[in-house]
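Step one of this worksheet: look at the structure below.
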Amino acid sequence: EIHTIEHLMAALWALGIDNLIIEIDGSELPGLDGSAMGFIDILKKVGIEGQGITKKVYQVRSPLWVEQDGAMIMVLPDDNFRVSYTLNYEHHLLKAQYISFTVDENTFTKEIASARTFCLEKEVNELRKKGLGKGANYDNTVVVGEGGVIDNKLRFDDEFARHKILDLMGDLYLLGYSIKGHIVAIRSGHPLNVNLVEKINNQREKLQAGGMKAVYVETSGHTLDAIDIQKILPHRYPFLLVDKIIEIEPDKKAVGIKNVTMNEQFFTGHFPGRPVMPGVLIVEAMAQTAGVLLLNKKENIGKYAYFMSLDNVKFRKTVVPGDQMRLEVEVVKLRSKTGQVHTKALVDGSVVSEADLMFALVDA
189 EIHTIEHLMA ALWALGIDNL IIEIDGSELP GLDGSAMGFI DILKKVGIEG QGITKKVYQV
249 RSPLWVEQDG AMIMVLPDDN FRVSYTLNYE HHLLKAQYIS FTVDENTFTK EIASARTFCL
309 EKEVNELRKK GLGKGANYDN TVVVGEGGVI DNKLRFDDEF ARHKILDLMG DLYLLGYSIK
369 GHIVAIRSGH PLNVNLVEKI NNQREKLQAG GMKAVYVETS GHTLDAIDIQ KILPHRYPFL
429 LVDKIIEIEP DKKAVGIKNV TMNEQFFTGH FPGRPVMPGV LIVEAMAQTA GVLLLNKKEN
489 IGKYAYFMSL DNVKFRKTVV PGDQMRLEVE VVKLRSKTGQ VHTKALVDGS VVSEADLMFA
549 LVDA
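Going by this note's numbering, 540 is the number at position 352 of the sequence shown; the sequence numbering is gapless.
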């Protein structure tokens, strides 16, 4: 069991390092000067290599929060990684401090990395009794006594709040991926930070469980067979409802084919003696064709697609065993985070259903 890892973890987060081996011969990492700057310096000196793969980034989709004993952390959707922290200790020398940064490597190195560990003088002995902080001293820890900072000087007027952001980033490294979102923390510490990590991870897992992840498959003559489609869509029999793509024009349109046979499982109960394909499954077939069009793009690799809305849904004719549905998808509007398409299903040239669909495209 290794203690006091958060400063190194924060440095790794800021530098975007997510693949390395750390060897240590003790129960604690070196305290250095009580900040993350020493780790930043040595990591840059060793050098950082890219691996040629897409970086894992999760964009928070809806607000979430954790709270405990008067402390609270809230995360709001944001296009960047931003942290706002409010520090408020019950100590006459630790006045309330508020600070906010949009954090990247440059901001972290310049504004956060050099902020040092701090504690109240009365806490020092309590930590030692627990076997923690054995390497702490006045050179690597800012100790606040009744008369002020002991044998040290602050690097920033709000150094304490900056160091709380550093600790928070170190704890977030436990996620195993970067995030985009605005973290608003009030009086939080390591226990609550770890609760936040669990909450973020739970939200991400729930979203991924319900979405389609983008991959890229090279097309041959603008067509995709069933094997290619299964590389793009997560669906499998009996819920894969498009057999092949006979035409695909990136960012514009796609045409898929669904052969409807008597062997479809849903015909067993819909309806006995008079099989009719359920309308919702016709819409699903159109949506899967749209999914292939939106997700089979290099710039969308690593993203997930989720339904946002269905509009103007119409069913004009029934679909029965022996029919071949032609699934036509046309892009209405395509942005980096959303896609709108108009879809039609045809049998023998006649429209059997149509709908306007909207998808959200989110980072994994």
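We put the CB at the ideal spot given by N, CA and C, even for glycine. In this text the structure is predicted, and so the values were computed from the model without any measurement.
Open item on the list: Whole angstroms are fine: how far does the CA of residue 252 sit from the CA of residue 414?
Closed with: 39 Å
Open item on the list: Residues in the same chain with beta-carbon distance under 6 Å from residue 503, minus the five sequence neighbours each way, listed in chain order, please.
Closed with: 467 and 541
Task: Chain-order list of residues whose beta-carbon lies under 8 Å from that of residue 473 (same chain, five-residue window excluded) - done: 429, 430, 444, 446, 513, 515 and 533
Task: Distance between beta carbons of residue 301 and residue 225, contact taken as under 8 Å - done: 5 Å
- [ ] Return helix, strand or coil for residue 291, following the three-state DSSP convention.
- [x] If DSSP states are grouped into helix, strand and coil, residue 291 belongs with coil.
Task: residue 533: first and last residue of the uninterrupted beta strand (DSSP E) it sits in - done: 526-535
- [ ] Can you check the segment 393-467 for any beta strand (DSSP E) of at least 3 residues that lies completely inside it and give the ranges in chain order?
- [x] 432-437 and 441-447
Task: Integer Cβ distance of residue 547 from residue 527, believed to fall under 8 Å - done: 5 Å
Open item on the list: In chain order, what are the residue ranges of uninterrupted beta strand (DSSP E) at least 3 long that sit wholly in the segment 209-278?
Closed with: 245-247, 252-256, 259-264 and 269-275
Task: With 16 other Cβ atoms within 10 Å as the buried cut-off, status of residue 215 - done: Exposed, because fewer than 16 other Cβ atoms sit within 10 Å of the Cβ of residue 215.
Task: N- and C-terminal bounds of the alpha helix (DSSP H) containing residue 309 - done: 309-317
- [ ] Might you give, ordered along the chain, the residues of its own chain that have their beta carbon closer than 8 Å to the beta carbon of residue 521, omitting 5 neighbours on each side?
- [x] 527 and 528
TODO: Could you pull out every residue in the same chain whose Cβ sits closer than 8 Å to the Cβ of residue 395, ignoring the five residues on either side in sequence?
DONE: 249, 492, 494 and 550
- [ ] Pull up the CB-CB distance for residue 339 and residue 326, whole angstroms please, since I reckon it's below 8 Å.
- [x] 4 Å
Task: Neighbourhood of residue 439 by C-beta, 7 Å cutoff - its chain only, sequence neighbours within 5 removed - done: If we look at residue 439 and ignore the five residues flanking it on each side, its Cβ neighbours are 519 and 522.
Open item on the list: Report the start-end ranges of each beta strand (DSSP E) in the segment 342-395 that is 3 residues or longer and not cut off at the edges.
Closed with: 366-374
Open item on the list: When you compare the segment 354-361 with the segment 231-239, are there three or more beta-carbon pairs, one atom per stretch, that lie closer than 8 Å?
Closed with: no
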